[in-house]
Amino acid sequence: MQHLLSLGDCRPQEVLGLLALAEQVKRDPARYRQTLAGKTLGMIFQKHSTRTRVSFEVGMCQLGGHALFLAEAALQISRGETFDDTARVLGRYVDGIMARVKRHRDLELLCGGGVPVINGLSDQVHPCQVLADLLTLRERFGELEGRVLTYLGAGNNMAHSLLVGCCKVGMQVRVATPPEYPADPAVVRSVVAAGGDVVVTDDPVAAATDADALYTDVWVSMGEESERAQRMERLAPYRVDLGLLGRAKPSAVFMHCLPAHRGEEVTGDVIDHDRSVVFDEAENRLHAQKAVLVHLLGGVDLPSV
Ligand code: CP
Ligand code: NVA
Numbered sequence: 038m039q040h041l042l043s044l045g046d047c048r049p050q051e052v053l054g055l056l057a058l059a060e061q062v063k064r065d066p067a068r069y070r071q072t073l074a075g076k077t078l079g080m081i082f083q084k085h086s087t088r089t090r091v092s093f094e095v096g097m098c099q100l101g102g103h104a105l106f107l108a109e110a111a112l113q114i115s116r117g118e119t120f121d122d123t124a125r126v127l128g129r130y131v132d133g134i135m136a137r138v139k140r141h142r143d144l145e146l147l148c149g150g151g152v153p154v155i156n157g158l159s160d161q162v163h164p165c166q167v168l169a170d171l172l173t174l175r176e177r178f179g180e181l182e183g184r185v186l187t188y189l190g191a192g193n194n195m196a197h198s199l200l201v202g203c204c205k206v207g208m209q210v211r212v213a214t215p216p217e218y219p220a221d222p223a224v225v226r227s228v229v230a231a232g233g234d235v236v237v238t239d240d241p242v243a244a245a246t247d248a249d250a251l252y253t254d255v256w257v258s259m260g261e262e263s264e265r266a267q268r269m270e271r272l273a274p275y276r277v278d279l280g281l282l283g284r285a286k287p288s289a290v291f292m293h294c295l296p297a298h299r300g301e302e303v304t305g306d307v308i309d310h311d312r313s314v315v316f317d318e319a320e321n322r323l324h325a326q327k328a329v330l331v332h333l334l335g336g337v338d339l340p341s342v
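Next comes the structure, spelled out in structure tokens:
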């Protein structure tokens, strides 16, 4: 692995290896305290962030390195400098680039800088979030093969990443969306072609029945604000409430990448439920990303799985 743009680019062994390394990093953080000493991560943000920014910055600090927060508005990108030129410049200064971008294609351009690039969310996928989610599921369930994760809501970057990432570890992914906001059919096709166990439906109750995990995300992603009213109306049947959670297995967990809009995609009693693992997912961003960083920037091998 040179970059992490999408888990779709990784072999199943690499995803499992990253998860095993994340478990090691979480268990024994002291062992990695100096792994990235003297190294710098440039972090480009074209969109808002709480978790991604803080967990990458704290992660670099805990690994002995340094992180630079580069908001788009303060970069020459906002005045017309290209992503290619920006990458070629940053590649002369930093040891890795993490970027949250509006267009996935710009991550590919950043790879021209000659240093590892990590996707901190694009319009298409959010791989770091799904690594943290898989780590959280492993802590809860152990072996993941054959487990069922149901995503309910808008077909978006989270739906795509979960399809790709969960199928890599042998889970079944059910995606329940209204017909107006489906998951990208090209993503579904590629996951199915790779042997993924996928169910696509517009029926939230059928999708939730006997699942091991119910997952949702905001109905209005960053950049979609003008569609808010229409989305609220069309997505209302997909709200995760106690009734829907009751359809899943008694051991099922509730998951959300956060930020949540309580009362919209999820009710307050579900997000605060004792089977909600949303804050474990948020914590695991830190551990999973430290594994990605020590592997890509520090040359630490993935454990063989
Ligand atoms: N889940 C996630 O990526 O959160 P932020 O938008 O706060 O980074
Ligand atoms: N789908 C959301 C995820 C936020 C972490 C968005 O793109 O805004």
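So this note's numbering is basically just the index in the sequence shown, starting at one, shifted up by 37.
C-beta: ideal position from N, C-alpha, C; glycine also.
- In this structure, the CA atom of Arg226 is about 32 angstroms from the CA atom of Thr304.
- CA-to-CA, the gap between Leu158 and Gly151 works out to about 20 angstroms.
- Val162 is a Cβ neighbour of Ser198, given a cutoff of 8 angstroms.
- DSSP places Met208 in no alpha helix (DSSP H); its state is neither H nor E.
- Per DSSP, the beta bridge partners of Thr77 are His103.
- Proximity of the beta carbon of Val255 to ligand 2 is indicated: a heavy atom of the ligand is located closer than 7 angstroms.
- Per the coordinates, the alpha-carbon of Asp311 lies some 9 angstroms from the alpha-carbon of Val290.
- With 16 or more other Cβ atoms inside 10 Å of its own Cβ, Val314 counts as buried.
- Taking non-hydrogen atoms of ligand 2 into account, the C-beta of Cys294 is found less than 7 angstroms away from one of them.
- Rounded to the nearest whole angstrom, the CA to CA distance from Cys98 to Ala104 is 7 angstroms.
- Excluding residues up to 5 positions away in sequence, Phe120 lie with their Cβ nearer than 7 angstroms to the Cβ of Asp143 in the same chain.
- In the same chain as Asp306, and ignoring 5 residues on each side of it, the C-beta atoms closer than 8 angstroms to its own belong to Asp278, Leu279, in chain order.
- Counting only the Cα atoms, Val210 lies some 13 angstroms from Ala243.
- Within the region 249-306, complete alpha helix (DSSP H) segments of at least 4 residues are found at 265-272, 279-284, given in chain order.
- Using a 10 angstroms sphere on the CB of Pro241, the tally of other CB atoms reaches 16 or more, which defines it as buried.
- Per DSSP, the continuous beta strand (DSSP E) segment holding Arg137 begins and ends at 133-137.
- Residue environment for Thr238: exposed (fewer than 16 other C-beta atoms within 10 angstroms of its C-beta).
- The residues Leu78, Met80, Phe93, Ile155, Gly157, in chain order, have a CB closer than 7 angstroms to that of Met135 in the same chain once the five nearest residues on each side in sequence are set aside.
- Following the DSSP letters along the chain, one finds Asp234 inside the beta strand (DSSP E) bounded by residues 234-238.
- Closest by C-alpha distance to Ala297, out of Asp309, Gln113, Ser288, is Asp309.
- Annotation: the region 170-205 contains the following complete segments of the beta strand (DSSP E) (minimum length 3 residues), in chain order: 185-189.
- Here Cys203 is not near Gln326, since their CB atoms are 8 angstroms or more apart.
- Cβ-Cβ separation between Ala245 and Leu281: approximately 5 angstroms, consistent with a contact (criterion under 8 angstroms).
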